[in-house]
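Trainee:
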Amino acid sequence: MFVIAAIQLTGMVTIDLMEHDATQYATISMQMLQDKSWLVIHWLGVSYLDKPPLLFWMAATSFKLFGINHFTYRLPSFLIMLLGVYSTWKLTKRLYTHETANLAALILFSTQGIFLMAHDVRTDSMLLGWVAFSCWQIYLYLEQKQKLNFILGFLGIGFAMLTKGPIGFMIPVLAFGPQLLIQRRWSDIFRWEWLLGIVIIFIVLAPMLYGLWIQHGEEGIHFYFWKQSFGRLTGENVWRDDTGPLFFTHSFLWSFLPWTLPALYGMAHHAIEIFRKPKTTISSHFWAIIFVFIAISNAYFKLPHYFFVVYPFISMLTAAGIMRINGNKLKYGIVAQAFTVILIGIGIILLMYVDFTFRTLLSIIVIIAIISTALYFLKMAGWPLKSKWVSFSLLAILSANVLLNIQFYPILLGYQAGSAIGTEVKRIGLPTEKMCFFRQHRPSFDFYSQSLVPNYFEMQQIDSAMNKQSKLFVFTNQSGLDTLRLTNYIIDSLHVYPEYKATKLTLGYLFPEKRPQLLNKVYYFRLHK
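So the sequence shown is numbered by the numbering used here: it starts at 2 and just counts up by one.
1) Considering only the alpha carbon of each residue, which of 315, 307, 276 lies closest to residue 264?
2) When DSSP builds the beta bridges, which residues end up paired with residue 499?
3) Could you check how far apart the C-beta atoms of residue 191 and residue 139 are, in whole angstroms? I think they sit under 8 Å.
4) Thinking C-beta only, is residue 457 closer than 8 Å to residue 476?
5) Below 7 Å CB to CB, which residues in the same chain sit around residue 122 once its five sequence neighbours on both sides are set aside?
6) Using a Cβ-Cβ cutoff of less than 8 Å, which residues in the same chain neighbour residue 150 once the five nearest sequence positions on both sides are dropped?
7) Could you compute how far the alpha carbon of residue 97 sits from the alpha carbon of residue 246?
8) Is residue 349 closer than 8 Å to residue 400 when the C-beta atoms are compared?
9) Between residue 136 and residue 43, what straight-line distance do the alpha-carbon atoms span, to the nearest angstrom?
10) Measure how close the beta-carbons of residue 62 and residue 411 come, nearest whole angstrom, since I'm counting them as under 8 Å.
11) With a cut-off of 8 Å on the beta carbons, I'd call residue 52 and residue 165 a contact; round off their distance for me.
12) Which first and last residues belong to the beta strand (DSSP E) in which residue 472 is found?
13) Kindly give me the distance between the Cβ atoms of residue 504 and residue 19, rounded to whole angstroms, as I take these residues to be in contact under 8 Å.
14) Rounded C-beta distance between residue 336 and residue 132? I'm assuming under 8 Å.
15) Would you kindly work out how many angstroms separate the C-alpha atoms of residue 418 and residue 451, rounded to a whole number?
16) Runs of 4 residues minimum, wholly inside the region 197 to 278: which ones carry the alpha helix (DSSP H) assignment?
17) From this set, 288, 84, 483, which residue's C-alpha is nearest residue 495's C-alpha?
18) In the DSSP assignment, what residue or residues form a beta bridge with residue 529?
19) Flag this pair as yes or no: are the beta carbons of residue 473 and residue 288 separated by less than 8 Å?
20) Starting from residue 436, trace the beta strand (DSSP E) both ways and give me its first and last residue.
21) CA-CA distance, residue 500 and residue 199?
22) Have a look at residue 407 and residue 290 and give me their C-alpha separation to the nearest angstrom.
23) Would a C-beta distance cut-off of 8 Å place residue 105 and residue 317 closer than the cut-off?
24) Would you call residue 430 buried or exposed, if buried means 16 or more other Cβ atoms sit within 10 Å of its Cβ?
25) If residue 481 and residue 441 are in contact, beta carbons under 8 Å, what's the gap, nearest whole angstrom?
26) Hey, out of 254, 338, 195, whose CA is closest to residue 146's CA?
27) Please say whether residue 89 and residue 313 have beta carbons closer to each other than 8 Å?
28) For residue 163, collect the residues of the same chain with a Cβ closer than 8 Å to its Cβ; drop the 5 residues on either side in sequence, then sort them by chain order.
29) Quick check on the DSSP output: what are the complete alpha helix (DSSP H) runs of length 4 or more inside the region 404 to 451, in order along the chain?
30) Quick one, which of 445, 183, 512 has its alpha-carbon nearest residue 276's?
31) With residue 594 as the anchor, note down where its alpha helix (DSSP H) starts and where it stops.
32) In three-state DSSP terms, what is residue 71?
What follows is the structure, encoded as structure tokens:
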């Protein structure tokens with residue numbers, strides 16, 4: 002676990018934030034700290050109405066304590082995600098065995114989706130942590146009826162809702178509701194205490210609701226409770242894409258690596274157990290997976306990380322499934338898992354082809370050290386076959402992420418023009434009050450320059466700015482450059498930056514000879530009369 006955390010922390014320190022969501026949220030948090038406006042939220046001077054504020058509050062607090070940089074932005078989300086891993090371990094230990102709990106926590110912490118969430122920080126890493134924590138505490142309350150578990154469980158739900166909206170409430174309901182109904186636990190279903198839980202949730206939400214009301218009125222409240230989440234199912238939300246109903250099926254296949262095949266086995270086995278013994282089989286984590294998958298698969302807008310919130314529950318079923326496998330099934334399982342590891346190895350080789358530089362050599366050295374250490378321990382007597390299965394799966398994903406952190410992401414994000422220009426502006430101390438975007442905004446520039454630069458769309462805005470000062474540093478695209486070249490202004494100190502959107506990665510990028518055809522250009526220059 003410490004090795005996994007070390008690799009994730011390395012990525013958090015060395016890798017720039019990815020455009021667009023992570024850099025936007027980091028910029029909002031930075032602006033919140035600078036303006037000391039904790040309830041009324043703005044982004045670039047415009048009233049903001051999208052995500053709830055807990056991520057912004059915690060990131061802004063982290064900036065206040067430790068300074069403004071991408072590590073301090075990621076730190077609170079990473080800590081809450083660790084809470085989710087710990088909660089998964091504790092809940093699995095209650096439902097199964099100590100050994101199964103250890104394996105479930107290891108599986109969750111080492112899935113590729115979790116590695117991705119550690120550095121591409123949006124709201125979902127916090128959501129995962131709070132949901133796992135609340136489900137653990139609610140389960141303890143249902144079994145032991147302790148007041149502390151009840152309070153902590155609903156505080157966790159409140160914080161989950163303060164992170165990403167009503168889904169933080171719906172997942173515990175979808176998890177425990179069907180199981181209580183199937184087991185006919187009417188006394189647990191119709192407990193008056195649930196009303197008290199709703200009160201606790203509203204106490205947690207009260208600061209946010211007050212801020213929404215004074216900033217947006219009824220529209221803000223309606224947006225939070227309905228349009229932002231459920232509106233994606235009904236079509237009321239403006240966000241749409243052309244993904245099909247199988248989107249989360251294929252995104253799960255890569256994001257749960259290296260444990261995808263054991264996960265499919267574990268979930269299938271558990272489904273059979275529920276069908277055979279519905280009243281005695283613990284099914285809360287299974288129902289959470291199924292209902293969330295159905296709901297988000299029918300949404301009008303989908304991104305892979307929407308499904309990550311139920312990965313704690315999938316990890317539990319995966320660990321339980323692995324612990325059940327013995328005899329010939331274990332041999333077949335190892336053969337199938339070897340196929341997965343081979344695919345990961347092919348992926349590593351392909352990623353090395355991106356740019357064979359000193360970074361690659363360093364990656365190879367680190368990977369060889371990891372594998373050599375593992376082989377030494379694997380040769381030790383007394384290691385059961387199942388432990389070796391888990392070990393070589395873990396080694397494959399650790400090696401892949403060492404390469405991603407040391408080589409792949411730094412090279413890929415070298416084509417993120419906003420952070421490159423913003424870092425340079427901050428380094429040499431250029432006056433940001435004389436800068437602007439023109440038809441090409443990048444929040445990464447705002448964050449890495451640690452300043453909020455105006456975004457202009459019309460020439461009248463450029464003219465107005467030039468009337469107030471003798472020169473203007475402009476960040477723009479080809480269209481903006483062509484427009485300014487038709488004016489009487491002088492353009493000099495022109496810098497051209499190649500750009501590639503990291504979150505829209507395609508296979509062609511991996512081949513250096515094809516990459517130049519995929520790059521866009523952005524321009525940074527001085528404009529004067």
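For each residue, glycine too, the CB sits at the ideal point set by N, CA and C.
Just so we're clear, the structure is a prediction, and the values are computed from it rather than from any experiment.
Mentor: Put simply:
1) 315
2) 522
3) Not confirmed; about 16 Å, so no contact.
4) no
5) 23, 74, 75, 78
6) 138, 139, 141, 142
7) 33 Å
8) yes
9) 33 Å
10) The pair is not a contact, with the Cβ atoms about 28 Å apart (cut-off 8 Å).
11) 7 Å
12) 472 to 477
13) 6 Å
14) Incorrect: roughly 35 Å between the Cβ atoms, too far for contact.
15) 15 Å
16) 219 to 223, 232 to 235, 248 to 256, 261 to 277
17) 483
18) 472, 491
19) no
20) 436 to 439
21) 48 Å
22) 34 Å
23) yes
24) exposed
25) 6 Å
26) 195
27) yes
28) 53, 54, 55, 169, 205, 206, 209
29) 410 to 413, 418 to 429, 444 to 450
30) 183
31) This structure does not reach residue 594, given that the chain is present from 2 up to 530, and the question cannot be answered.
32) helix
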